[in-house]
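J.:
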Amino acid sequence: MDVTQKAREKAREAVASAVGAAARVLPGHLGQQGGGGPARQTLTIARPAAEVLAAWGDAAVVSRLLGEVASVRQGPGGRWTFTLASGGELAAEPAEVDGGMELRRADADGPREPQEDVRDSEDDTEGGRTGEQPGQREDEEVLLRVTTRPAPGDLGTEVTCEVARELSAGVGGVPFTLLYRLRALLLTGEVPTIEPQPAAREEDR
Amino acid sequence: MRALVWNGVNDLAVETVRDPGILNPHDVVLDVTLTVTCGSDLHFIDGYLPGMRAGDVFGHEFMGVVAEVGPEVRRLAVGDRVVVPSFIGCGECFYCTRDMWSLCDTTNPNAALQQPVLGYPSGGIYGYTHPFGGYAGSHAEFVRVPFGDVNCFPVPEGVSDVQALFTSDAVPTGYTGADYCDITPGDTVAVFGAGAVGLMAAASAKLLGAERVIVVDRLPERLELARTRVGAETVDYSEVDSVQEVLREATGGRGPDAVIEAVGMEGHGTGVQEAYDRAKQALRLETDRATPLREAVLACRKGGVVAVLGVYGLTDKFPMGVVLNKGLTIRASQQHGQRYVPRLLRHIADGELDTSFLATHEMPLEDSVRGYEMFKEKQDGCLRAVFRP
Ligand SMILES: NC(=O)c1ccc[n+]([C@@H]2O[C@H](COP(=O)([O-])OP(=O)(O)OC[C@H]3O[C@@H](n4cnc5c(N)ncnc54)[C@H](O)[C@@H]3O)[C@@H](O)[C@H]2O)c1
Ligand SMILES: [Zn+2]
Ligand SMILES: [Zn+2]
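Chains as they are written, first to last, in my numbering: chain A, 171 to 375; chain B, 771 to 1159.
(1) Per DSSP, what kind of secondary structure is Gln303/A in: helix, strand or coil?
(2) Pro841/B CB to nearest chain A CB: under 8 Å?
(3) At 7 Å on the CB atoms, spell out the chain B contacts of Glu360/A, in chain order.
(4) Can Pro1026/B be considered in contact with ligand 4, in the sense that its beta carbon sits closer than 7 Å to one or more heavy atoms?
(5) List the residues of chain A whose Cβ lies closer than 8 Å to the Cβ of Pro790/B, in chain order.
(6) Is there at least one Cβ from chain B nearer than 8 Å to Gly343/A's Cβ?
(7) What does Cys863/B reach in chain A if we use C-beta pairs closer than 7 Å?
(8) Taking C-alpha atoms, which residue in Gly237/A, Gly207/A, Gly270/A, Thr253/A lies nearest to Val329/A?
(9) Would the beta-carbon of Ala354/A fall within 8 Å of that of Pro362/A?
(10) Going by beta carbon distance, what residues of the same chain come within less than 7 Å of Ser1103/B, once the five residues before and after it are set aside?
(11) Does the separation of the CB atoms of Lys1072/B and Lys1087/B fall below 8 Å?
(12) I think Ser856/B touches Gln1105/B, with their Cβ atoms under 8 Å apart; what is that distance to the nearest whole Å?
(13) Are Leu993/B and Ala964/B closer than 8 Å when you measure CB to CB?
(14) List in chain order the residues whose CB is within less than 5 Å of at least one heavy atom of ligand 2.
(15) Mind checking if Cys860/B is an interface residue toward chain A, Cβ cutoff 8 Å exclusive?
(16) In the DSSP assignment, find the unbroken beta strand (DSSP E) run with Leu1017/B in it and report its ends.
(17) Under 8 Å, Cβ to Cβ, is there at least one residue of chain A near Gln885/B?
(18) State the Cα-Cα distance for the pair Val1092/B and Leu337/A, rounded to the nearest angstrom.
(19) Would you say Glu372/A faces chain B, with C-beta separation under 8 Å as the test?
(20) Check whether the Cβ atoms of Phe962/B and Val1010/B sit closer than 8 Å, and answer yes or no.
(21) Which residues of chain A have a Cβ atom closer than 9 Å to the Cβ of Gly894/B, listed in chain order?
(22) Listed from N- to C-terminal order along the chain, which residues in the segment 809 to 834 of chain B have their beta-carbon within a distance smaller than 7 Å of any beta-carbon of chain A?
(23) Helix, strand or coil for Tyr896/B? Go by DSSP, reduced to three states.
(24) Buried or exposed for Met1090/B, going by 16 or more other Cβ atoms inside 10 Å?
(25) Taking the alpha-carbon of Glu238/A as reference, which of Arg210/A, Gly323/A, Ile364/A has the nearest alpha-carbon?
(26) Are the beta-carbon atoms of Ala948/B and Ala975/B separated by less than 8 Å?
(27) On the premise that Thr358/A lies in contact with Thr786/B, defined as a C-beta separation below 8 Å, what is that separation, rounded to the nearest angstrom?
(28) Three or more C-beta pairs under 8 Å: does that hold for the segment 909 to 923 of chain B against the segment 979 to 994 of chain B?
(29) Which residues, in chain order, does the segment 203 to 223 of chain A contribute to contact with chain B at a C-beta distance below 7 Å?
(30) With 16 as the cutoff for other CB atoms within 10 Å, does Ala910/B come out buried or exposed?
(31) Touch check for the segment 926 to 936 of chain B and the segment 1112 to 1127 of chain B: three-plus C-beta pairs under 8 Å?
(32) Output needed for Glu1136/B: all residues of its chain with C-beta closer than 6 Å, excluding positions within five of it in sequence on either side, in chain order.
(33) In chain order, what residues of the same chain lie with their CB nearer than 7 Å to the CB of Gln211/A, ignoring the 5 residues before and after it?
(34) Answer yes or no: the CB of Tyr865/B versus the heavy atoms of ligand 3, is any distance below 7 Å?
(35) Which chain A residues sit within Cβ distance under 7 Å of Asn878/B?
(36) Which one of Gly1037/B, Gly1001/B, Gly979/B, Val1075/B has the shortest CA to CA distance from Tyr1007/B?
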């Protein structure tokens, strides 16, 4: 392959990945593509874990973080209802996990029973794994999971956020945006926004 | 209000748009007094930098008077005359608290658009594409400024609007480049590009103690400014066979101690390399024509510093072997204006720094489409076109 051809392919790849990323996170494109499982990202937030988790435990805050993706309200009995921008509703119930919290899917009559845990049950003879990933079935019961670990030095808390497919389209842009907005909110008291603001052709936006 | 908007590649217009308002509690709305063209705007006007949407208000170098303050703003009042750095900082995150304001971790509402490309997104900027935040720009009667307390710098009496204006972007960018050069007495600094950024880099290198500053460009009126207003020596690259050779001879065979690159992705070159770069850029196979960047690396002495201020996208044929074998240090960033604005305003007030000569053309905002044409085509000696909304 000559230099020009190589450069052409490289440039095409870079552009495709940038355009793809843009399309995936721009409002209106959510839910179109992405992998099979939940999307996951980690950010460090210079605040204690307790403060980070208190924010995730507050439906009003989570609703603000989700912004254009969904709104969330907390009903009687602690149940959360997600109203998706793409239409439809999802119910979930909060639960504490080690160093974090989960919002587990709920049916009309209460939390769903977790399916059989497949963790460690599918080791193949060479010690590798086949079929489902560990915890995959269990993961399907979880709409949103947040876990924390202390960050080194005085950097605060490492926060990992996993978001189910319905909310993330399986792409990292959504958990990243949730964490980015939460970091902004905890550090500055604001979530960055540009809406509404001056522009011509507003009708096309 | 009236505003200059980008409607497509090489398609600008002044149109009526809604007024900005306070959206977050630390916001300020500024009544724009002066707003000015920057070489960075040319990258998306020419279509090399993606991420603009039709109808976007652009412009990022400006000053004005505070018209409205949000409920959490503490240090500003309506009527204050202020200048605002082009990158938006929050003052609270890891990067802002370490004085690296353009890397702010909280002010980019579209950070997810940048993450796949950069890995770790930059801060937001006014009027400079959606991956850089999508904020409305300053070529308008009013502009919203987030985190007013840390982003608005009161202009002292004795410093005029025009003098203060350039401490928003061109001067701190140039100063950043000179600061990166770790100048010690006796040093020679070469500057590629004699636009407002390059001229301010040259002036800053002098302020920071460089003995000799050599400015490289091909536009005679700009080289003239470098000599008369900055006290630099000049090289017209279109008149010499090899800039590298001229710089080597001018420095006793050693090479400049540091080189500042202030040209960017629209750089001109000559010969085969230029034809190659132009063809690839036209086909969008490479976003850059990186001639000056390569020359900066080649020209610098061994163990020296190359400070890159020019904006690049995807550059190929970067002479990494030269960097390695010559033991060069490469430093680059978008400008960290908030770090420098107070000291720059002091230098201006004390008469140690001259910025007003950058404003070669001043006109009402209504004429700004023409202003950009003059600036882009470098007509009539246009170095910067300043607009009065
Ligand atoms: N890092 C930052 O924060 C920051 C801020 C502002 C501007 N910039 C960038 O700085 C660069 C310069 O900005 P400006 O407003 O001065 O632009 P400008 O277009 O006014 O000036 C660029 C100059 O470079 C000259 N030039 C072109 N090819 C050259 C070459 N091969 N060798 C020497 N000179 C050459 C041109 O003749 C012109 O005078 C742009 O890339 C801009 O995007 C960066
Ligand atoms: Zn600029
Ligand atoms: Zn910040």
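From the three backbone atoms N, C-alpha and C, an ideal C-beta is built for every residue, glycine too.
T.: The short version:
(1) Any reading at Gln303/A needs caution, since the residue's pLDDT is 46, under 50, leaving its predicted position unreliable; the model's value is listed next. Note: Gln303/A maps to coil in three-state DSSP.
(2) With respect to chain A, the C-beta atom of Pro841/B has no partner C-beta closer than 8 Å.
(3) Asn794, Pro795, His796, listed in chain order.
(4) You won't find ligand 4 in this model; what it holds is ligand 1, ligand 2 and ligand 3.
(5) Simply Gln367, Pro368.
(6) The beta-carbon of Gly343/A is placed less than 8 Å from the nearest beta-carbon of chain B.
(7) Neighbours of Cys863/B on chain A, chain order: Leu357.
(8) Val329/A has its Cα closest to that of Gly270/A, out of Gly237/A, Gly207/A, Gly270/A, Thr253/A.
(9) Yes, Cβ-Cβ distance for Ala354/A and Pro362/A is below 8 Å.
(10) Correct list, in chain order: Ser872, Thr946.
(11) No, the Cβ-Cβ distance between Lys1072/B and Lys1087/B is not below 8 Å.
(12) The C-beta distance from Ser856/B to Gln1105/B rounds to 7 Å, short enough to meet the 8 Å contact threshold.
(13) Judged by their CB atoms, Leu993/B and Ala964/B are nearer to each other than the 8 Å cut-off.
(14) Around ligand 2, the residues selected by a Cβ distance under 5 Å to any of its heavy atoms are Cys808/B, Ser810/B, Asp939/B, following chain order.
(15) By the rule that beta-carbons nearer than 8 Å mark a contact, Cys860/B touches chain A.
(16) It is not in any beta strand (DSSP E) - Leu1017/B instead sits in the alpha helix (DSSP H) that spans 1013 to 1020.
(17) True, the Cβ-Cβ gap to chain A drops below 8 Å.
(18) Roughly 48 Å separates the two Cα atoms.
(19) With 8 Å as the cut-off, Glu372/A counts as an interface residue toward chain B.
(20) It is not a contact, given that the beta carbons lie outside the stated cut-off.
(21) Within 9 Å Cβ-Cβ: Pro362, Ile364.
(22) Against chain A - using a Cβ distance shorter than 7 Å - the residues of the segment 809 to 834 of chain B are Ala824, Gly825, Asp826, Val827.
(23) In this structure, Tyr896/B counts as strand in the three-state DSSP scheme.
(24) Burial call: exposed.
(25) That would be Ile364/A, whose Cα lies nearest to the Cα of Glu238/A.
(26) Yes, these two residues count as a Cβ contact at 8 Å.
(27) At roughly 33 Å, the Cβ-Cβ gap does not stay under 8 Å, so Thr786/B and Thr358/A are not in contact.
(28) The segment 909 to 923 of chain B vs the segment 979 to 994 of chain B: no contact.
(29) Interface annotation for the segment 203 to 223 of chain A against chain B: Ala216, criterion Cβ-Cβ distance under 7 Å.
(30) With 16 or more other Cβ atoms within 10 Å, it is buried.
(31) Pairwise C-beta distances place the segment 926 to 936 of chain B in contact with the segment 1112 to 1127 of chain B, as three or more of them are shorter than 8 Å.
(32) Correct list, in chain order: Val784.
(33) Setting aside the 5 residues that flank it on each side, Gln211/A is surrounded in the same chain by Cys331, Gly342, Pro345, Phe346, Leu349, each with a C-beta closer than 7 Å to its C-beta; the list follows chain order.
(34) Checking every heavy atom of ligand 3 against the Cβ of Tyr865/B, one is found closer than 7 Å.
(35) Close to Asn878/B, with beta-carbon spacing below 7 Å, are these residues of chain A in chain order: Pro362.
(36) Closest by alpha carbon: Gly1037/B.
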